[in-house]
Structure formats: structure tokens, C-alpha cells
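Residue numbers (the working numbering), protein chains in the order written: chain A, 1 to 530; chain B, 1001 to 1312.
What follows is the structure, encoded as C-alpha cells:
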């Protein structure tokens, strides 16, 4: 059940609202559970076993952790010496670490077997084949489930948070199942943590018209981004990336820019629908985007783009690695042998490398995705390394850090970084991605923009007009948000005729300009495939 | 806002929905005018439906509906030259039976055909759950056509018009891709019992009712299709149409008279017949219709001259 279809926006959400409101407050989470299962089943019912397995593992691990912590707390420490107390604490912590590690590895193992085994096996077999040795990895029938990469991360976060005492142990496995499959976040996130959600997710607050209005405005806005801009431009993107008809020059640049636009509109549109859907029921989901295209460097871009994935890796990988023995050893070594600049860079590299490797791998079993992670690692390390030099240049030129020309150049540089990254990310293979990069400088003619060639890539002048209109509207709303003005709140506070005119106007824009209906193929959300 | 009573809130919500509905009705009317004024601005799938609406009112005697199998049933201009009756193919690729029903409802606004020919493949092709959704979508599109005609804006704003070579709904298939089992109707190959899905049975009864209300006769035809048809489907269709008292003509079991040669008469390994296949089916169908139906002959009436074959 696609998030942009009438089946979801009208029928599914309305039915959920009715059932939710008619159910006693205490059991409203059960409505979410049933509707989430129904939503999952609309994609694929046969692979629900994976969801149940991940749920079971997370629930069991949390439960065991809770029991162990209780027992450890009950054990009397009176009469123990300071040294013995310290030893006991270390022993307790070790037991907890073993439990959480086993839980996390079992869940990640499920993800590996379902999503990455074939990729790893194929690569090992290829390597052996090239060496003339027998291929050792057997092919297995793998099962996967929609949203697997998202709910696996959520389950990992839950188990670690129980270990860190950041969240209460959830004794009811059905509540865990509901949290992991919660219908607004199932397909594309945002990756919502139990510690942030448990307050509202199980509260069963009554529906409020204000929430319904706010939620639906956000949903329509998301649908606008997706079916007016992303789906329309996707036809051109497919044509520009068609390996059977390789493009050169300006068309390669367009491929990277168009795909970036498609991906942003597609992903942020879906997240808008997810956030709006949850908002209807008074549940606040974390934001996943914050005007990423005004970022002044790659690090800032990743604080504004797919925020919840960045937050996950920062919380559960970057910080633990930063505080690990390895980093401490490095810092010790740096203090003795290196200057503070080198020590800091090295420590950052130690903490950032696993983050970006995991970021790339998380997107899927493809070398392009893995390289995408490494690409951002290299870019961010270069940015960190050059920062002192850049500060000196600014000082020599008497340029303020926030001078318009500085900001402009930084944003322009970040755009190039983004576009190149997206070009490699979207390419079918890494070789094709680099080949495209090489062809960028072949036959590069600005005249390609107006010689009619861009009308031969599957979209017409009308499509471009709709896409440009969409980009302008999204840019205006984003610019206002950047200045602290929430357009939705403005609409909600406006007088009734204005409010209705804006909302109906937006709905009409989606209905008229949207790419749907006879003759159009439904285009899946990009991030639903990861 | 918070001080509003629940009753006020409900009234306001109802008023909002009414306003939105009115806007959609107005937009539907505007886009219907745009569509009729720009007959070439239709999506490829809707070619048959929309273009048939652009025929002068009450000039089509036979309306052919169904999926892609209909597109090579007859060549309407040659059919007119042979019989003097006007037949329009309003079928479309992948048309579901619900779509077919609402296509007919649309067509009856402008046309009063004497005979409706429904091609049966849409009743026996593999069932998809999405047919329930298609049904709801078609109801919405029938009452609020903006959901179907909205893409007209794109052509008006400069999108290129989809290439098509539809001639009174007919689309030429002049390639040959053989490679089928010509014994496909053997009962031994498909001994299983085929069950027509309930939603399709429902829409068949609705189509029959619609035809009766509009004074048309209904004939269901199964086009020769070695890939899609078999004995088990034939039995299921025969039983169903007998129960519903609907005339049925299967062309697969009459190949001795028609003479389809699956090595040359198919465009895609037995899925559809090609132009040479159509030239064998059409005379048979012409004769069958002449023997069983009282259809008018307009030849000699200048108002129908546009139906004669166009000189190349």
C-alpha cells in the first residue's frame, strides 16, 4: 500500500482513526499493532517471519537484560571492600555487555543473512574463481522484509538503550512488534527511537481535530513532493542513467542534479507523510531533513540530511568508538609523538571510518553504496584537515566567516560534493559511476540546455514547468523554515477562508499536476529499497 | 479553535469536504471541456475510450470493449466497407472488467450502440488483488473525471503528444513472432477447474444490466489466443454465461472455420493475433454478426463516409 495512494491517505488512515477513537484508551496501541500488521501484509505477508524473529530477539534480550539488572541490584554489597565492589561492578557490566552484544549480533545477523549474504558470497566466490580455486560459498534462498533495514536499527537502539538505562524494559512483546512495524515509519523511516517514542506511542491520546488538520497538511505536502516532482523527474533520471545509451557533458551533470532532486523530493516527501500520519494521533516523530541544501560543508549536510540515520550512527557507533580503548590509545600516542592537530585528525578518522562504512553498507549490498560511505569519509576528513588552512585564508583576506561570498562559495562547494556523491550512488556499478564522472568533461556544451536535447529524455516542457514550480514552492517553504517561520503553523493560524483556500489549493495542485492515473507506472519510494 | 464544540468542529469539517468536492466537480467539468476540445491530448491507455467519445453522437453501432485482445479483433474501416455497420474499438491494454463497465457507462453518454462486444480475456487472466482497488478507482474517476483527465494540462503546457496510430481504436500489429503449441485447447492440457473471481462475475452482471437499460445487446467474444486461453477457462466461461443468459462466441474452438496458423498469425508467441490473423477473424465475425444480429447498413449515407477505408 503506497503512502501516496488514496488507499492509504484516505481509506487506511480514516479506518485507523475510527478504530482508534472507538477503542478504550488503554488498548489503542492494539489498533496501531493490527493496522501496522495489515499495512505490512499489504506489501508481503509471507515474510512476516523476519519481523517476528527480530521482534522476538529484541524483546527477549531486553527482558533478560532487565532481569539481570534487577538481580545484580538486589545482590547485597554491604560488607564488600571498595576493591571487591569495583570488581563486582566490572563483572556485572561484563555480563550485561555479553547480553547486549549477543542481542545486537543476533539481530544484525538476521539483517546480514537476509540482505548481505548473497553479496558477500558472490564476491568471495568470484575472488576464488579468479584465483582458480573452487567457490566455497553456497547459494541460499534468502528472505527479506519491507523496512528491514529500518526496524533492525530500531531494535538495536532499543536493546542498547535498555543496557544504557535510557529506556524502560518493555515486557510486552506485542508492544515491541507495534513499535518496530509502526505503519508510518515501516517503509522509509524516520528511524524513531523507543526512548523518544514510548511516551506518546502507547499513551492512546484521543484524536484532536487540530492534530488531524496539521497531520493531513503535512501528508499532502509530502504527496506533492513525491508525485508532482520526484515521480515526474524520475523518468528523465532513468533515461539519463540508461547504460545502453551513455550520455556525456551537460547530460551527465543533469543526471547528478536531477537524481539529487528526485531523491530529496522522494525521501523527504515520504518522511513528511510518515510524520503527518503519526501527528494525526498525537505522536511526534523525529524530523529527518532540515534544509540540507544550505549546508556549508559535508558534515553539516549530514546533520541536515537523513538526520535520524546520522543520529543513530552518532549515538551507537561514533560516541562508543570515540570513547573506546583504541581511541584512548591513539590519543596517548598522539600526545607523545604528534601535534594536537594530527592527534585530533587521527582520533576523528578512527571514529568516523566505521560510521561511514556502516552508513554506506546500510544502504544495501552494492559496491556503489559502500563507496558512497567511503566517499563521505574522505570528503569530511579533507574538510577537517583543511579547516585551519581555510581559516588562515579567511583571516588574510579579512573575510568574516559568515560573509556572503564565503557562505556562497561554501554552499556551492557542498553542492558539488553532493552531486558527485549522488552520481556515484545512483550508478548501476562503481565502474559506470566513474565512467560517468569521466564523461562529464566530454563534449560539455552549455548549449545542450536550449538545443532541445533535454526534451528528448522522457519528459516534456510541461513536466519541466511542474518540476520547477514544485522546486520553487519547496525552496520558499524551506527558506521560511530556515528563518524560523513554520508555514504550516501560519496556515493553521490564518483565517478560515485563507486556510481552506491554501489547503484546497495544495490538494488541487497534487491532483492536477501529480503523475498518476492510466498510463503511468507507480514509482516506489527510493529509500524503501534500502 | 480550542473553544469550538465538537458539533461545530464536525460541521466545519463537513463544510470543508463539501467545498473540496465542489472544487473537484468544477475542475472535472473544465478538464472535460479541455479534453473534448483537444482530442489528441489523451494518455495512450485511454486512446480508445476518449477518441470514441470524439465520434459524432449516436453514430457507433457496435462498441468493442476489453483488454489488448480487442485491438486486433477487426479493422473498423474495412468492417464498415464490408458490412455498412460502424464498429469502434474502445478497449485498452490491461483493461480490467471494472474499467470496462465504467468505460461503457461513459460511452453511453454520447453513443447508443446496438451491440456491445466484450472480449473475455479480462475475465480469465491471472487475478490480482489490485482489481478491488481498480474498481474503487474507476468509480471515483467516473463521478470525478478530473482524476482521469488531469494529465491534459501537461500537453497544453508543452508536453509532446504520445505517438499513436489508432484508427477507430484499431492498432496495427504487423510483426510475426511464432512459437506456440497449436494444440492449446486440448482438454488434457488443462484438466483443472477454473473459477472466475467473484468481482469479475459481479461486473459481468452489471455490464449485462447496463446494456439492457440502454437497449444494447451484449455478446462476449473470446479472441484466438494460444497463450492466454485453454479448455478449463472455456468451460468456466460457458457455464457462467449460460447461468447469466449472455450470448457467447469462442473463436478458439472454431479454428477449423477461421484458420488461424500460429506460425504466422501471431505477433507475440500466441498472446495476440497479428494483422494477418485479424484478416482471418474479421470475415468470420462479420458473417456471425450478419446471421445473428440485425445491424444497420449505412453505406450510401454521406454522414458515415468518414468510416470508409482511407486511401493510402
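Glycine residues also receive a C-beta, built at the ideal position from the N, C-alpha and C atoms.
{"Item": "C-beta atoms of residue 359 of chain A and residue 289 of chain A nearer than 8 angstroms", "Value": "no"}
{"Item": "Exposure of residue 398 of chain A, with buried meaning 16 or more beta-carbon neighbours within 10 Å", "Value": "exposed"}
{"Item": "Environment of residue 1002 of chain B [buried if 16+ CB atoms lie within 10 Å]", "Value": "Its pLDDT being 49, under 50, residue 1002 of chain B is placed unreliably by the model, and nothing is read from it."}
{"Item": "Under 8 angstroms (Cβ pairs) to chain A, residues found in the segment 1070-1090 of chain B", "Value": "none"}
{"Item": "Assumed close pair residue 54 of chain A, residue 151 of chain A - CB separation to whole angstroms, cut-off 8 angstroms", "Value": "6 angstroms"}
{"Item": "Cutoff 8 angstroms: residue 1120 of chain B Cβ touching any chain A Cβ", "Value": "no"}
{"Item": "Cα-Cα separation, residue 216 of chain A to residue 228 of chain A", "Value": "17 angstroms"}
{"Item": "Exposed unless 16 or more other CB atoms sit within 10 angstroms - verdict on residue 426 of chain A", "Value": "buried"}
{"Item": "Short CB-CB distance (under 8 angstroms) between residue 1065 of chain B and chain A", "Value": "no"}
{"Item": "Assumed close pair residue 233 of chain A, residue 261 of chain A - CB separation to whole angstroms, cut-off 8 angstroms", "Value": "6 angstroms"}
{"Item": "Contact list for the segment 436-467 of chain A against chain B, Cβ threshold 7 angstroms", "Value": "460, 461, 462, 463, 465"}
{"Item": "Within chain A, the residues that residue 1229 of chain B reaches when beta carbons sit closer than 7 angstroms", "Value": "None at all; the shortest Cβ gap to chain A is about 26 angstroms."}
{"Item": "Host alpha helix (DSSP H) of residue 308 of chain A (start-end)", "Value": "307-313"}
{"Item": "Continuous alpha helix (DSSP H) assignments of at least 4 residues falling wholly in the segment 1210-1258 of chain B", "Value": "1231-1244, 1255-1258"}
{"Item": "Alpha helix (DSSP H) segments (min. 4 residues) lying fully within the segment 1118-1188 of chain B", "Value": "1121-1124, 1130-1143, 1146-1149, 1152-1156"}
{"Item": "Beta-ladder partner(s) of residue 194 of chain A, from DSSP", "Value": "Bridge partners of residue 194 of chain A: none, in fact."}
{"Item": "Residues of its chain near residue 1182 of chain B, where Cβ-Cβ distance is below 6 angstroms and the 5 sequence neighbours each way are ignored", "Value": "1262"}
{"Item": "Cβ neighbour criterion (16 or more within 10 Å) applied to residue 126 of chain A", "Value": "exposed"}
{"Item": "Residue-chain proximity (residue 500 of chain A, chain C), Cβ-Cβ < 8 angstroms", "Value": "This model lacks chain C altogether, as its protein chains are A and B."}
{"Item": "Beta-bridge partners of residue 513 of chain A, as assigned by DSSP", "Value": "Paired residues: none, contrary to the question."}
{"Item": "Any C-beta of chain A under 8 angstroms from that of residue 1148 of chain B", "Value": "yes"}
{"Item": "Chain B contact for residue 507 of chain A (CB, 8 angstroms cutoff)", "Value": "yes"}
{"Item": "Cutoff 8 angstroms: residue 1054 of chain B Cβ touching any chain A Cβ", "Value": "no"}
{"Item": "Residue-level contact to chain B via CB, residue 215 of chain A, 8 angstroms cutoff", "Value": "no"}
{"Item": "CB contact flag (residue 200 of chain A, residue 276 of chain A, <8 angstroms)", "Value": "no"}
{"Item": "Alpha-carbon to alpha-carbon, residue 136 of chain A and residue 461 of chain A", "Value": "54 angstroms"}
{"Item": "Whole-angstrom distance between residue 141 of chain A and residue 114 of chain A, CA atom to CA atom", "Value": "9 angstroms"}
{"Item": "Minimum C-alpha distance to residue 240 of chain A - residue among A:440, A:38, A:293", "Value": "A:440"}
{"Item": "Top-ranked residue by Cα proximity to residue 362 of chain A, from A:373, A:9, A:81", "Value": "A:373"}
{"Item": "Beta-carbon spacing of residue 180 of chain A, residue 198 of chain A below 8 angstroms", "Value": "no"}
{"Item": "CB of residue 444 of chain A within 8 angstroms of CB of residue 249 of chain A, strictly", "Value": "yes"}
{"Item": "Residue 406 of chain A to residue 400 of chain A span [Cα, whole Å]", "Value": "8 angstroms"}
{"Item": "Residues, ordered as in the chain, of the segment 6-17 of chain A that lie near chain B by beta-carbon distance below 7 angstroms", "Value": "7"}
{"Item": "Under 8 angstroms between C-beta atoms of residue 1031 of chain B and residue 517 of chain A", "Value": "no"}
{"Item": "Listed by chain order, chain A residues near residue 1133 of chain B by CB distance under 7 angstroms", "Value": "7"}
{"Item": "Neighbour flag for residue 1005 of chain B against chain A, beta carbons, 8 angstroms", "Value": "no"}
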